[in-house]
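For the sequence shown, the working numbering begins at 6 and goes up steadily by one.
Ideal Cβ placement from N, Cα and C applies to all residues, glycine included.
In this text, all values refer to a predicted model and were calculated from it rather than measured experimentally.
Report on the following structure.
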Amino acid sequence: MKRTLFFSLLCIIISFHSFGQGKLEKAEKGLTKSSNYYSSSSRSRTSSSSSYEDNSLWGGLAMVFIEMGLYATYYGLIESPTEKEHLASNAFITKYPYHSSNRGNYAYNWDGDTNLSRITLTNRFVAENNELYGNHINADFRFLKRVSIEADYLQLWENNTFFGDNSLATFTFLAKYHRVRTEKFNAYWGMGATYISGDVEELGFTYAIGAEYFFAKPLSIELNYNQSLINTRSSDKFNALLNYHINQFKFNGGYEYLRIGGIGFSTFSVGLGVFI
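Okay, here's the thing in structure tokens:
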């Protein structure tokens, strides 16, 4: 009887230890370097690449198609000859959305609504539940009509009764090109880097896309997505926000989804922004 009780307690302890991790801890471990699966996958890709390069004919054809693709995508990523004739090609940055008209981030004519540059600062509180929450700070500097630089900081905390406290932070820097610039709608793409602190302490390449639609004064819908590649794993951030604009301020709320090291976080978001 005592022996049976002993083994039962031992099994319970082992099971509790196996599952005794918070979501942030699992996310951090998901981004660590040690992974036999990914190292074997890397060797497989290297082997495949070597055999592919041995075939000079296919290699030459591939280079031709790559060059054609790069030429074609220039119009998609930057601007097509047809678009150069449109007013949006020379659109100006507004001081802030709905300044004195129904225009959003861009205006076709230079007037009292426009400026050479603009800084947007936002601070949002995010939470998944009572135990997992965080703060999301973003700074965006627009200049030269089409270009902006963005710095983004996301700090998450987890207070778990059983597994203890944990925290994780991501720092993202992006250079963005605003591809579509109309008075009601704008869209961008960008590239940069993300650093994840905590137990990860790694830097990775990041790309991003996003858009904002000013459908009715004083409202707009904003969508942003970026993906960072760290240790062959991805860290994804997506947010869908409804903005309410009042003079040079905006109040926003919505949904933010994070995926770090294979662990997903579905959070609600509420915050305040200011245009400078």
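Burial check for Asp170: the Cβ neighbour count within 10 Å stays below 16, so the residue is exposed.
The criterion of a C-beta distance shorter than 8 Å is not satisfied by Glu227 and Gly109. Residue pairing by DSSP places Tyr111 opposite Ile98 in a beta bridge.
Taking a C-beta distance under 8 Å as the contact criterion, Tyr111 and Asn165 do not qualify as a contact pair. The continuous alpha helix (DSSP H) containing Gly35 extends over residues 28–35.
With respect to the 8 Å criterion, Ala216 and Gly197 are not classified as neighbours on the basis of their beta carbons. In terms of Cβ geometry, Leu82 and Arg184 form a close pair [threshold 8 Å].
By the Cβ-count criterion, Glu206 is exposed, with fewer than 16 other Cβ atoms from all chains shown falling within 10 Å of its own Cβ. A residue is called buried once 16 or more other Cβ atoms fall within 10 Å of its Cβ, and Ala221, having fewer, is exposed. Linking Gly267 to Ala174 through their CA atoms gives a straight-line distance of about 16 Å. The alpha-carbon separation between Met68 and Gly74 amounts to approximately 10 Å. The beta carbons of Lys150 and Ile98 sit closer together than 8 Å. The residue among Ser225, Ser271, Asn140, Gly117 with its C-alpha nearest the C-alpha of Asn134 is Ser271. In the DSSP assignment, Ile214 falls within the unbroken beta strand (DSSP E) covering 207–221. In this structure, Glu261 is the residue among Glu261, Phe178, Asn236 with its C-alpha nearest to the C-alpha of Phe243. Within its own chain, the residues whose Cβ lies closer than 8 Å to the Cβ of Gly269, once the five positions on either side in sequence are excluded, are Tyr262, Leu263, listed in chain order. Between Leu246 and Ser274, the CB-CB gap stays under 8 Å. Around Thr119, the same chain offers Phe97, Ile98, Thr99, Lys100, Ala112 as residues with beta carbons nearer than 8 Å, after the five sequence neighbours per side are excluded. Per the coordinates, the alpha-carbon of Ile154 lies some 5 Å from the alpha-carbon of Phe146. When only Cα atoms are considered, Leu161 and Phe148 end up about 31 Å apart.
For Gly74, the three-state secondary structure derived from DSSP is helix. According to DSSP, residue pairing for Val152 in a beta bridge involves Phe148, Tyr182.
Between the C-alpha atoms of Phe280 and Arg123 there is a straight-line separation of about 7 Å. In this structure, Thr127 sits near Gly278, with a CB-CB distance shorter than 8 Å. Here Leu159 is buried, its C-beta having at least 16 other C-beta atoms within 10 Å. Following the DSSP letters along the chain, one finds Ile281 in no beta strand (DSSP E), marked with neither H nor E. Gly259: member of the beta strand (DSSP E) spanning 254–265, first to last residue. For Gly197, the secondary structure class from DSSP, reduced to helix, strand or coil, is strand.
For Thr127, the enclosing beta strand (DSSP E) begins and ends at 123–132.
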